[in-house]
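Here is the structure we will look at, set down as structure tokens.
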Amino acid sequence: MLDSLNQKPIPFASIYLKSGSGAVSNEEGRFRLRYKAEEVLKDSLFISCMGYKTLSLSLDQLQDSIFYLPPKAIALNSVILSNKQLSADEIVKAIQEDIPQKYELGLTEKKVFFRETGNSKFEKLNLNIKKTTIEEFNQVFWDSIFRNIPKTNEWYQEFAGTLYGDYTEDNQKMELDKALDLEDKEKSAIFKNTEQLFDTIIKENVKSTSYFKVRSGIIGTKLDTDEINSAKQDTLSAEEKELHRKKDFLSWKKSKLTNLLKNLFKEHELNISILNKASKYNFTVNNLTFFGDTPVYILDFSPKRNADFAGRLFVDADRLALIRLEYKNIQNISDFSLLGVSYLEDLKEVIVQFKKGLNGKYSAEYLEFNSGFKGGFERPLVITEKNKVVKGRNKQNQLKMDLDIATRQYQKYQLVVFETTPISQEAFDAIKEEPKVLPVNLSEYDPNFWEGYSIIEPNKAIKAFKVVE
């Protein structure tokens, strides 16, 4: 997808069929859209983006894989007449009005694709043993563990499926179709072997009825033994273990989507901090543009005082509905340091885009969240095994250490909703979740893996991912 004048990629354009299914171009202007062979003779393809003319083609006309969108001139009079020259503050206030009439808030069936990318780095990783009653946990052991643990790691995780529900946390069900993990198998093996080694040592030295007291200075907590090792799993058959893994995987992925979507709406309002705390920002009408044939206000916003973000709103000028939001932080989000524990969140970038459905209401089309943080822990740590069942003293084993760890991590979530179809309460109640999918683990990008699926096209970094032997 390219600008017809400057030949630059057009990111986050909406690509959709007349029948309702669609896709979104990635940051490089690339997209992938699946359609059935029988649709070729009767369906049409539409490509829309803010500030560009909508491109319309019948499917049987498609011959090239590159599409050029021409910029669209702004007809000021049509927009001004539609909303009587509202001020920026009036537009922002009107966005929250009549939300149920503007947005699809009920139960729906959503065809989704989700991608998580990230990388992490240990900037410091030191441990000094002061005391241990478990001989295997000596200084030589820990030095060996920390020496072999990878100091950097990157990951790409993807899945496609169907999410059923609304924008609340409780009304969510999901079916997974396929999932992928791009990983460095050598690094993964190191983490897995380390976990198994810990598990073996714990089983050999710690009673199954014990619990642990973890204390760092005045900070303390309690852990049961089965939270640290997987002894209970040993009694399961191979089939039961696999089913357990599938259930956990489904629950884990559904929770990620739920956490993203539930933050969009609360009751009958858009649950977006920029709008909820509008008094902390200055809003200005930057320009007027079009999204397809819809006139759109472009509003820029910046903090009045100590708010965290600056960005841009795109608002349907006829219905005064928010159709796109993009912002990033201009100062640190969190900066905590006390008694050797530190946390710094210094990156947060968000994109939210809605698409108008066949019923005229908007629903989520694309969400992107980028975050970055640093964490540090430089404190003494005491782990004590206790057991009230055995006779004699309550304390069994103890490990005392000085721990100094510092990490840096970046993470990006991308969610594309290709189709949104309203469903009844009866249809939702009849859906039964079936954990059938585990991710396929690959050590390099396979361009054929998602053949036959609509996804957000991977960028160059993902396509180049390959573990160097």
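Residue 764 is where the sequence shown starts when you use our numbering, and the numbers rise one by one after that. Cβ coordinates follow ideal geometry from the N, Cα and C atoms, glycine included.
Q. Would you say Leu-888 and Phe-922 are within 7 angstroms of each other, going by their C-beta atoms?
A. In the sequence shown, the residue the question calls residue 888 occupies position 125. In the sequence shown, the residue the question calls residue 922 occupies position 159. It is not a contact, given that the beta carbons lie outside the stated cut-off.
Q) From Val-969 to Phe-975, what does the alpha carbon distance come to, in whole angstroms? A) For the purposes of this step, residue 969 is taken as residue 206 along the sequence shown, with counting starting at 1. For the purposes of this step, residue 975 is taken as residue 212 along the sequence shown, with counting starting at 1. Their backbone Cα atoms lie some 10 angstroms apart in a straight line.
**Q.** Cutoff 8 angstroms; reference Trp-918; Cβ partners in own chain excluding five residues on either side
**A.** In the sequence shown, counting from the first residue as 1, residue 918 sits at position 155. In its chain, beyond the 5 residues on either side, Glu-879, Thr-880, Gly-881, Asn-882, Asp-944, Leu-945, Glu-946 have a beta carbon closer than 8 angstroms to the beta carbon of Trp-918.
Q. CA-CA distance, Ile-862 and Leu-1027?
A. The residue labelled residue 862 in the question sits at position 99 within the sequence shown. The residue labelled residue 1027 in the question sits at position 264 within the sequence shown. Ile-862 and Leu-1027: Cα-Cα distance of roughly 12 angstroms.
Q: Could you check what DSSP says for Arg-1142 in three-state terms: helix, strand or coil?
A: Walking along the sequence shown from the start, residue 1142 turns up at place 379. Arg-1142: strand per DSSP, three-state reduction.
Q.
Looking at the secondary structure, which residues open and close the alpha helix (DSSP H) in which Leu-1020 lies?
A. Sequence index remark: in the sequence shown, residue 1020 carries index 257 (1-based). Run containing Leu-1020: 1001-1024, per the alpha helix (DSSP H) assignment.
Q: Sort out for me which residues DSSP pairs Asn-891 with in a bridge.
A: Taking the sequence shown and counting its residues from 1, the one referred to as residue 891 is at position 128. Per DSSP, Asp-1165.
Q: Using alpha carbons as the reference points, say which of Asp-1079, Arg-1087, Thr-896, Asn-1069 lies closest to Asn-1095.
A: Numbered from its first residue, the sequence shown carries residue 1095 at position 332. Selected option, being the one with the closest Cα: Asn-1069.
Q: Name the two residues that bound the continuous alpha helix (DSSP H) containing Glu-949.
A: Position 186 of the sequence shown holds residue 949. Unbroken alpha helix (DSSP H) run through Glu-949: 948-968.
Q) Who are the Cβ neighbours of Val-1113 in its own chain at under 6 angstroms, not counting the five residues just before and after it? A) Position 350 of the sequence shown holds residue 1113. Hits under 6 angstroms: Tyr-1090, Phe-1132.
Q: With DSSP as the reference, label Glu-932 as helix, strand or coil.
A: Counting from one through the sequence shown, the residue named residue 932 turns up at place 169. Coil.
Q | Residue range of the alpha helix (DSSP H) that includes Glu-1112 | A | Here residue 1112 corresponds to residue number 349 of the sequence shown, with the count starting at 1. Note, Glu-1112: premise wrong, no alpha helix (DSSP H); beta strand (DSSP E) at 1104-1119.
Q) What's the call for Asp-1079, buried or exposed, on a 16-neighbour Cβ count within 10 Å? A) Indexing the sequence shown from 1 puts residue 1079 at position 316. With 16 or more other Cβ atoms within 10 Å, it is buried.
Q | Straight-line gap, Phe-1072 to Lys-955 (C-alpha atoms, nearest Å) | A | The residue given as residue 1072 occupies position 309 in the sequence shown. The residue given as residue 955 occupies position 192 in the sequence shown. Rounded to the nearest angstrom, the two C-alpha atoms are 40 angstroms apart.
Q: Report, in whole angstroms, the separation of the C-beta atoms of Ser-767 and Phe-1054, which I expect to be a contact under 8 angstroms.
A: As a working note, residue 767 is residue 4 in the sequence shown. As a working note, residue 1054 is residue 291 in the sequence shown. About 17 angstroms separates the CB atoms of Ser-767 and Phe-1054; that is not less than 8 angstroms, and the two are not in contact.
Q: With DSSP as the reference, please indicate the residues paired to Glu-1182 in a beta bridge.
A: Here residue 1182 refers to the residue found at position 419 of the sequence shown. Answer by DSSP bridge pairing, in chain order: Lys-874.
Q. According to the neighbour-count rule (16 or more other Cβ atoms, all chains shown, within 10 Å of its Cβ), is Val-1152 buried or exposed?
A. Taking the first residue of the sequence shown as position 1, residue 1152 is located at position 389. Exposed, because fewer than 16 other Cβ atoms sit within 10 Å of the Cβ of Val-1152.
Q: Tell me Met-937's beta-bridge partners as DSSP assigns them.
A: Sequence index remark: in the sequence shown, residue 937 carries index 174 (1-based). In the DSSP assignment, Met-937 forms a beta bridge with Leu-926.
Q: Pull up the DSSP beta-bridge partners for Leu-1085, would you.
A: Taking the sequence shown and counting its residues from 1, the one referred to as residue 1085 is at position 322. Leu-1085 is bridged to Val-1078.
**Q.** Beta carbon of Leu-1144 nearer than 7 angstroms to that of Ser-979
**A.** For the purposes of this step, residue 1144 is taken as residue 381 along the sequence shown, with counting starting at 1. For the purposes of this step, residue 979 is taken as residue 216 along the sequence shown, with counting starting at 1. Closer than 7 angstroms, so yes.
Q) Do Gln-935 and Thr-1021 have their C-beta atoms within less than 7 angstroms of each other? A) Mapped onto the sequence shown, residue 935 falls at position 172. Mapped onto the sequence shown, residue 1021 falls at position 258. Yes, the pair counts as a contact, with Cβ atoms nearer than the cut-off.
Q | Through-space distance from Asn-1204 to Leu-1023, alpha-carbon basis | A | Numbered from 1 along the sequence shown, position 260 holds the residue referred to as residue 1023. Numbered from 1 along the sequence shown, position 441 holds the residue referred to as residue 1204. Rounded to the nearest angstrom, the two C-alpha atoms are 25 angstroms apart.
Q.
Going by beta-carbon coordinates alone, are Ile-953 and Asn-911 separated by less than 7 angstroms?
A. Locating residue 953 in the sequence shown gives position 190, where the first residue counts as 1. Locating residue 911 in the sequence shown gives position 148, where the first residue counts as 1. Closer than 7 angstroms, so yes.
Q: Would you please state the rounded distance, in angstroms, between the beta carbons of Glu-791 and Lys-1175? I believe it to be under 8 angstroms.
A: Counted from its first residue, the sequence shown places residue 791 at position 28. Counted from its first residue, the sequence shown places residue 1175 at position 412. Not confirmed; about 14 angstroms, so no contact.
Q. Roughly how many whole angstroms lie between the Cα atoms of Met-764 and Trp-1213?
A. Residue numbering aside, residue 764 sits at position 1 when the sequence shown is read from its first letter. Residue numbering aside, residue 1213 sits at position 450 when the sequence shown is read from its first letter. About 20 angstroms.
Q: Leaving aside the five residues before and after Glu-990 along the sequence, list all residues of the same chain whose C-beta is less than 7 angstroms from its C-beta, in chain order.
A: Position 227 of the sequence shown holds residue 990. Only weak support is given to the placement of Glu-990: the predicted model assigns it a pLDDT of 49, under 50, and the value that follows is read from those uncertain coordinates. Taken in chain order, the list of residues that qualify is empty.
**Q.** Distance between Gln-1159 and Ser-993 (C-alpha atoms, nearest Å)
**A.** The count along the sequence shown starts at 1 and reaches residue 993 at position 230. The count along the sequence shown starts at 1 and reaches residue 1159 at position 396. Confidence at Ser-993 is low in this model, with a pLDDT of 49, below 50, so the placement of that residue should be treated as unreliable; the coordinate-derived value is given next. So the alpha carbons of these two residues sit roughly 20 angstroms apart.
Q.
Suppose contacts are defined by Cβ-Cβ distances below 7 angstroms. Is Ile-1086 in contact with Phe-1064 by that definition?
A. Within the sequence shown, the letter at position 323 stands for residue 1086. Within the sequence shown, the letter at position 301 stands for residue 1064. Not a contact, by the Cβ cut-off of 7 angstroms.
(Q) With a threshold of 8 angstroms, are at least 3 pairs of Cβ atoms found where one atom belongs to the region 998-1006 and the other to the region 1165-1185? (A) no
**Q.** Three-pair Cβ contact test at 8 angstroms for the region 1041-1055 versus the region 885-903
**A.** no
Q.
Our contact map puts Leu-1107 next to Phe-1077 with C-beta atoms below 8 angstroms; I'd like the distance itself, whole angstroms only.
A. Along the sequence shown, one-based indexing puts residue 1107 at 344. Along the sequence shown, one-based indexing puts residue 1077 at 314. With a Cβ gap of about 31 angstroms, Leu-1107 and Phe-1077 do not count as contacting.
Q.
If you measure between the beta carbons of Glu-867 and Lys-1119, is that distance less than 7 angstroms?
A. Here the question's residue 867 lines up with position 104 in the sequence shown. Here the question's residue 1119 lines up with position 356 in the sequence shown. No.
Q) Which same chain residues, not among the five before or five after Ser-1105, have their C-beta less than 6 angstroms away from its C-beta? A) Counting from one through the sequence shown, the residue named residue 1105 turns up at place 342. Within the same chain, Ser-1105 has close Cβ partners Gly-1139.
Q) Are Gln-899 and Ile-964 close, meaning C-beta to C-beta below 7 angstroms? A) In the sequence shown, the residue the question calls residue 899 occupies position 136. In the sequence shown, the residue the question calls residue 964 occupies position 201. In the sequence as displayed, the identity of residue 899 is Glu instead of Gln. Contact flag set, yes.
Q.
Within a Cβ cutoff of 7 angstroms, which residues of the same chain sit near Trp-905, ignoring the five residues on either side of it in sequence?
A. Within the sequence shown, the letter at position 142 stands for residue 905. The answer, listed in chain order, is Leu-890, Ile-892.
Q: Taking Thr-925 and Lys-874 to be in contact with their CB atoms under 8 angstroms, please state how far apart those CB atoms are, rounded to whole angstroms.
A: Along the sequence shown, read from residue 1 onward, the residue named residue 925 stands at position 162. Along the sequence shown, read from residue 1 onward, the residue named residue 874 stands at position 111. The C-beta distance from Thr-925 to Lys-874 rounds to 6 angstroms, short enough to meet the 8 angstroms contact threshold.
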